[in-house]
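Here the sequence shown is numbered in full-length UniProt numbering, starting from 1 and rising by one per residue. Only one structure is covered here, and it is reproduced in the block below.
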Amino acid sequence: MTASFGPSYVRAIAPYIAGKPISEVAREFGLDEATIVKLASNENPLGMPESAQRAMAQAASELGRYPDANAFELKAALSERYGVPAEWVTLGNGSNDILEIAAHALVEKGQSIVYAQYSFAVYALATQGVGARAIVVPAVQYGHDLDAMLAAVTDDTRLIFVANPNNPTGTFIDGAKLEAFLDKVPRSVVVVLDEAYTEYLPEEKRYDSIAWVRRYPNLLVSRTFSKAFGLAGLRVGFAIAQPELTDLLNRLRQPFNVNTLAQAAAIAALNDKAFLEKSAALNAQGYRRLTEAFDKLGLEYVPSDGNFVLVRVGNDDAAGQRVNLELLKQGVIVRPVGNYGLPQWLRITIGLPEENEAFLAALEKTLATA
Ligand SMILES: *Cc1c(COP(=O)(O)O)cnc(C)c1O
């Protein structure tokens with residue numbers, strides 16, 4: 001007899017494909033871990049800020065006790081930094097947790113969730129996890145088509161996921177367009193505005209989504225400490241929304257979803273402006289280097305506002321996997337995006353200068369022999 005535990009909508013889920021760990025590539029390809037370059041998971045190439053390492057080391061003495069379930073100090077720090085009451089903050093075990101909690105808290109089985117083609121894979125997973133119906137709106141130039149997303153909303157739509165900048169494409173929607181969209185979304189539909197890369201935006205592209213939260217009771221802004229803040233392994237994310245939404249989310253949130261070390265490190269990272277600035281500058285420099293090289297190689301790429309670039313490495317649907325394998329053999333881990341419906345493309349996280357060079361050298365070698 002075939003096993004058929006659980007609801008059919010759970011069995012239908014295709015598990016999330018993460019970036020390959022360095023240790024796994026070393027084993028598979030017989031390489032020395034120290035020579036491997038990983039540009040696959042949009043981590044901060046500078047690693048964890050020293051300020052956060054120190055805070056974490058201090059907090060280690062408290063690990064015999066449970067974390068502060070309400071994360072008083074971290075919430076106070078976020079409240080001060082973003083100018084909202086602490087009661088407007090929900091913490092997540094990474095912002096991934098926030099996205100999942102939002103789907104569970106707001107959507108019933110059979111209702112619908114709207115998101116864009118080529119947008120973050122977790123939206124599909126969160127939708128399937130609650131047995132909701134996905135309304136996937138075709139992308140325009142690899143980015144969100146907000147008018148079409150609005151038009152796609154039906155009577156049973158409860159949630160819209162918008163990533164800005166988007167992952168894996170790096171596309172960006174400007175503030176005025178987003179605001180006009182929020183104005184038109186029915187108040188019965190919650191918009192999750194996922195701003196995982198917002199700290200990388202140049203000054204002229206920034207917009208004040210926290211001000212929108214004050215205006216729109218159906219807006220939830222999601223942020224993470226995993227990217228620019230350099231704490232991916234600790235798992236901390238947060239949402240800012242008005243109390244009605246926040247209260248709902250917190251009913252489903254596991255009380256200890258953000259651990260003691262993560263809380264301490266996040267407070268330190270939040271206040272480490274120098275680290276953020278250095279990260280953004282390094283990213284901008286790496287972006288210029290990679291895209292100039294792509295131009296020279298005649299490779300199409302999607303202009304990105306994140307810490308990664310989507311590049312087309314061939315014109316056949318095996319290109320992404322083929323080039324990826326050749327890069328792996330040379331000890332360079334990037335992210336194939338065939339699971340996103342982009343089999344001709346690879347997503348490259350912007351690394352340290354020497355990592356970018358190692359990737360480009362391996363890429364050139366691969367393309368020359370292909
Ligand atoms: C990386 C990423 C996240 C989630 O990261 P966490 O580590 O779970 O905080 C959320 N949204 C987008 C668009 C991302 O790229």
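Ideal placement from N, C-alpha and C gives every residue a C-beta, glycine not left out. Being a predicted model, the structure only gives us computed values, none of them experimental.
Which class does residue 237 belong to by DSSP, given the choice of helix, strand or coil? Correct three-state label for residue 237: strand.
Just the Cα atoms here: how many angstroms apart are residue 66 and residue 125? Their backbone Cα atoms lie some 30 Å apart in a straight line.
Short check: CB of residue 210 to CB of residue 240, under 8 Å? With contacts defined by Cβ atoms closer than 8 Å, residue 210 and residue 240 form a contacting pair.
Going by DSSP, which residues form a beta bridge with residue 291? Answer is none; residue 291 lacks a bridge partner.
What whole-angstrom Cβ distance do residue 230 and residue 49 have, given they're in contact under 8 Å? Going by Cβ atoms, the distance from residue 230 to residue 49 rounds to 5 Å, so yes, they are a contact pair.
Pick helix, strand or coil for residue 247, following the three-state DSSP scheme. Residue 247 falls in the helix class under three-state DSSP.
Using a threshold of 8 Å, state whether the C-beta atoms of residue 317 and residue 343 are closer than that. Yes, Cβ-Cβ distance for residue 317 and residue 343 is below 8 Å.
Any contact between the segment 66-84 and the segment 274-285? By contact I mean 3 or more CB pairs, one from each, below 8 Å. Short answer: they don't touch.
Using CA atoms only, rank isn't needed, just tell me which of 296, 190 and 41 is closest to residue 333. With distances taken between Cα atoms, residue 333 lies closest to 41.
Using a Cβ-based criterion (distance less than 7 Å to any ligand heavy atom), does residue 194 qualify as near ligand 1? For ligand 1, at least one heavy atom lies less than 7 Å from the Cβ of residue 194.
Does the segment 199-206 come within contact of the segment 182-191, defined as at least 3 CB pairs closer than 8 Å? No, they do not touch.
Just the C-alpha distance for residue 338 and residue 17, rounded to the nearest angstrom, thanks. C-alpha separation (whole angstroms): 11 Å.
Does the distance between the C-beta of residue 224 and the nearest non-hydrogen atom of ligand 1 fall short of 7 Å? Flag set: Cβ of residue 224 near ligand 1.
Please state whether the Cβ-Cβ distance between residue 305 and residue 170 is less than 8 Å. Residue 305 places its beta carbon less than 8 Å from that of residue 170.
Is any heavy atom in ligand 1 found nearer than 7 Å to the beta carbon of residue 259? Checking every heavy atom of ligand 1 against the Cβ of residue 259, none is found closer than 7 Å.
Contact under 8 Å by Cβ, residue 128 with residue 156: The beta carbons of residue 128 and residue 156 sit no closer together than 8 Å.
Is residue 120 near ligand 1 - that is, is its Cβ less than 7 Å away from at least one heavy atom of it? Residue 120: yes, Cβ under 7 Å from ligand 1.
Tell me the DSSP secondary structure of residue 60 in three-state form. Look at residue 60 here: in three-state DSSP terms it is helix.
Within 8 Å of any Cβ in chain C, is that where the Cβ of residue 212 sits? Among the protein chains of the structure shown there is no chain C, as only one such chain exists.
Inter-residue CB distance, residue 307 and residue 349 (contact presumed, cutoff 8 Å): The beta carbons of residue 307 and residue 349 sit about 6 Å from each other, so the pair counts as a contact at 8 Å.
Cβ separation of residue 265 and residue 77, assumed to be a contact under 8 Å, to the nearest whole Å: About 12 Å separates the two Cβ atoms, so there is no contact after all.
Going straight from the alpha carbon of residue 196 to that of residue 162, what length do you get? Our two residues, residue 196 and residue 162, have alpha carbons roughly 11 Å apart in a direct line.
Own chain, CB closer than 8 Å to residue 103, minus 5 neighbours either side, in chain order: Sequence-distant Cβ neighbours of residue 103 in its own chain, meaning closer than 8 Å and more than five residues away, are 113, 126, 127, 129, 130, 132 and 159.
Could you tell me if the beta carbon of residue 188 falls within a distance shorter than 7 Å of some heavy atom in ligand 1? It does not: the Cβ of residue 188 is nowhere closer than 7 Å to a heavy atom of ligand 1.
Just the Cα atoms here: how many angstroms apart are residue 20 and residue 31? If you draw a straight line from the Cα of residue 20 to the Cα of residue 31, it comes to about 14 Å.
Distance, Cα to Cα, residue 45 vs residue 227? Cα-Cα distance, rounded: 9 Å.
Local conformation of residue 12 per DSSP, three classes: The answer is coil: DSSP assigns residue 12 none of H, G, I, E or B.
Quick one: what's residue 143 bridged to in DSSP? 140.
Under 7 Å: does the beta carbon of residue 38 sit that close to some heavy atom of ligand 1? If you check the C-beta of residue 38 against ligand 1, you find no heavy atom less than 7 Å away.
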